[in-house]
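Have a look at the structure below before the remarks.
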Amino acid sequence: MNKKLFCYAISVLVLAFAMIGCGSKPNDQILSEELEKLFPGTVKISSINLERTKRENDISTYRVSGNLTTSHNLYEKIVEISGKIVIAPAEQKGKNIPFTATLEASGSEKSKWQLQYSNLKFDQNELKGNLTEEIVSKNPDGYLKTDTPDFESIIKGMEEDLSKKRAENEFKEKDNGVDFGKLREETQKTMRSLHEERIKAQNEARKEYQKLRTQYSKESPHRKMRATLDKEFETVGKSLNEEEKRLIDPLLQKRSDAVANKQNTIKLDDGTELTIEQIDAKIKEARDGIQAKQNQLKEKISAQRKEMREEDRSKQDELRQEYDKKNLAIAQQYEEKLKEARAAFDAHEQARRESAKIERDYRRFQQAVAELKSKGYL
């Protein structure tokens with residue numbers, strides 16, 4: 000008996016939880032807020048009803064129905080005219096529009112609902128326009144309302160301004176009397192000629208620069224000085240070599256003889272007797288002295304050569320700077336000439352572009368007016 004009672008209690012609990020799960024659904028506020036995101040700032044949800052059609056795991060599918068309500072007076076774009084967007088009243092605030100949709104929902108109030116609307120259907124003709132008064136008021140100069148009391152007068156004023164510009168433009172074109180094709184041909188010819196002159200002048204400047212560099216290299220006083228240094232190095236080098244033979248060779252010979260005769264001492268020409276170790280020390284001292292003189296000579300000549308190289312480099316840099324300055328002056332001179340040559344062409348080209356723009360603006364204006372008339376706004 001107790002076992003049956005326990006099974007009955009478990010069944011009741013399972014059924015209760017199932018009923019709670021099946022009955023749980025998003026509240027109207029959450030449903031409305033999510034749906035209103037599809038109509039930013041223009042529509043509110045005045046009523047909404049849910050009918051569950053499917054449940055799989057924790058996702059429920061609903062058939063949704065209700066009413067959309069316009070939250071503002073809405074305007075729709077009609078046409079662009081002379082830099083302004085013409086807008087007309089589309090819907091009044093508070094208009095109700097029936098709709099249906101499909102909704103998939105998962106979650107709960109505690110864990111936050113996840114909602115996904117699809118298959119939204121309503122009569123598109125019942126909801127026109129997406130511009131609110133708030134949007135229009137942020138850019139009052141960019142919009143022109145058809146319900147403005149002096150709308151037709153404003154359009155007429157625009158047409159008069161464009162017609163005046165067009166008439167003045169036609170007068171200027173007739174009064175100008177310029178053969179644009181011929182002017183362009185003459186300008187291009189002049190520009191080609193100036194370009195050739197510029198290239199020629201820059202080539203001559205480059206040749207002059209190269210000539211000066213070559214001339215300096217040939218006539219530089221350092222050429223003779225370098226030759227003198229080379230000769231000095233050669234002369235001193237020979238002198239040191241002779242000194243080495245004079246001082247060291249006799250000692251080497253005596254040492255060799257002593258080693259061959261198995262003698263421990265060596266008697267020099269001045270009568271001094273030295274051991275082989277002393278002879279080696281004397282040879283080393285002589286060699287170190289000669290090497291020191293050679294190093295001193297090399298350092299002296301290297302320092303003088305470095306000084307001459309720096310002077311030569313400084314002169315070459317000076318020649319290069321003069322060439323760069325002259326080359327820049329040539330470029331600037333011909334840029335001014337090119338600018339002068341293009342002045343008349345550019346002025347006429349600008350006038351032609353302004354003329355074309357005026358004609359284009361006038362044509363578009365007439366098309367916009369025709370569209371406004373066809374829709375009954377004029």
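Taking numbering that gives the first Met the number 0, I'd label the letters of the sequence shown as residues 0 to 377. Quick reminder that beta carbons are idealized off the backbone N, C-alpha and C, glycines included. It should be emphasised that the depicted structure is a prediction, and the values quoted were computed from it without experimental measurement.
Nonlocal neighbours in the same chain, by C-beta distance under 6 angstroms from residue i, ignoring five residues either side
| i | result |
| --- | --- |
| ARG197 | TYR333 |
| GLN113 | SER105 and GLY106 |
| LEU143 | LYS83 and VAL85 |
| ILE300 | LEU228 and PHE232 |
| LYS173 | For LYS173, the pLDDT reaches just 48, beneath the cut-off of 50, and the residue's location in the model is therefore unreliable, although a value from the coordinates is still provided. Excluding residues within five positions, none has a Cβ falling inside 6 angstroms. |
| LEU67 | VAL42, ILE96 and PHE98 |
| TYR361 | LEU161 and ARG165 |
| LEU371 | LEU377 |
| LEU273 | ILE265 |
| ASP27 | ILE47 |
| THR60 | THR52, LYS53 and GLU103 |
| ALA367 | VAL78 and ILE80 |
Three-state class that DSSP yields for residue i in the structure shown
| i | result |
| --- | --- |
| LEU273 | strand |
| GLY180 | helix |
| PRO249 | helix |
| ASN294 | helix |
| LYS3 | Confidence at LYS3 is low in this model, with a pLDDT of 43, below 50, so the placement of that residue is unreliable and no value is reported for it. |
| PRO88 | strand |
| THR264 | strand |
| LYS152 | Note on identity: in this sequence residue 152 is Ser, with Lys being the wrong assignment. Helix, per DSSP. |
| GLU103 | strand |
| LYS164 | helix |
| SER313 | helix |
| LYS173 | Confidence is the limiting factor: at LYS173 the pLDDT is only 48, short of 50, which leaves the residue's position unreliable and the question unanswerable from this model. |
| ALA367 | helix |
| SER23 | coil |
| LYS83 | strand |
| SER10 | Reliability of the predicted coordinates at SER10 is poor, the pLDDT of 39 falling under 50, and the value obtained from them is presented with this limitation in mind. In this structure, SER10 counts as helix in the three-state DSSP scheme. |
| GLY128 | coil |
| ASP360 | helix |
| LYS372 | helix |
| THR147 | coil |
| LYS210 | helix |
| GLY288 | helix |
| PHE38 | coil |
Residues sharing a beta bridge with residue i, DSSP
| i | result |
| --- | --- |
| ARG54 | SER59 |
| PHE98 | GLY65 and PHE121 |
| ASN48 | SER64 |
| LYS43 | THR68 |
Where the alpha helix (DSSP H) through residue i begins and ends
| i | result |
| --- | --- |
| SER34 | Checking the sequence shown, residue 34 turns out to be Leu, not Ser. Start and end: 27-35. |
| ILE136 | Note that residue 136 is Ser in the sequence shown, not Ile. Residues 132-136. |
N- and C-terminal bounds of the beta strand (DSSP E) containing residue i
| i | result |
| --- | --- |
| SER117 | 113-121 |
| GLU75 | 73-80 |
| TYR142 | 142-144 |
Sequence-distant residues of its chain with Cβ nearer than 7 angstroms to residue i (five each side left out)
| i | result |
| --- | --- |
| GLU132 | HIS71 and ASN72 |
| SER23 | SER107 |
| ILE282 | ILE247, LEU250 and LEU251 |
| ARG254 | ILE265, ILE275 and ILE278 |
| ILE289 | LEU239, GLU242 and GLU243 |
| GLU125 | ILE96 |
| LYS325 | ALA204 |
8 angstroms Cβ cutoff, residue i in contact with chain D
| i | result |
| --- | --- |
| ARG191 | Given the protein chain composition of this structure (a single chain), no chain D is represented. |
Supposed contact pair residue j and residue i - C-beta distance, whole angstroms, cut 8 angstroms
| i | j | result |
| --- | --- | --- |
| LEU193 | LYS336 | 5 angstroms |
| LEU327 | LEU211 | About 17 angstroms; that fails the 8 angstroms criterion. |
| LEU37 | LEU119 | 7 angstroms |
| GLU33 | TYR116 | 7 angstroms |
| HIS221 | GLU310 | 7 angstroms |
| GLU103 | ILE58 | 6 angstroms |
| ALA89 | GLY141 | ALA89 to GLY141, Cβ: 18 angstroms. No contact. |
| ALA226 | TYR322 | ALA226 to TYR322, Cβ: 29 angstroms. No contact. |
Neighbourhood of residue i by C-beta, 8 angstroms cutoff - its chain only, sequence neighbours within 5 removed
| i | result |
| --- | --- |
| TYR376 | ILE77, VAL85, ALA87, THR145 and PHE150 |
| ASN48 | VAL63, SER64 and GLY65 |
| ASP287 | none |
| GLU353 | ASN168 |
| PRO148 | none |
| SER45 | GLY65, ASN66, LEU67, THR68 and ASN95 |
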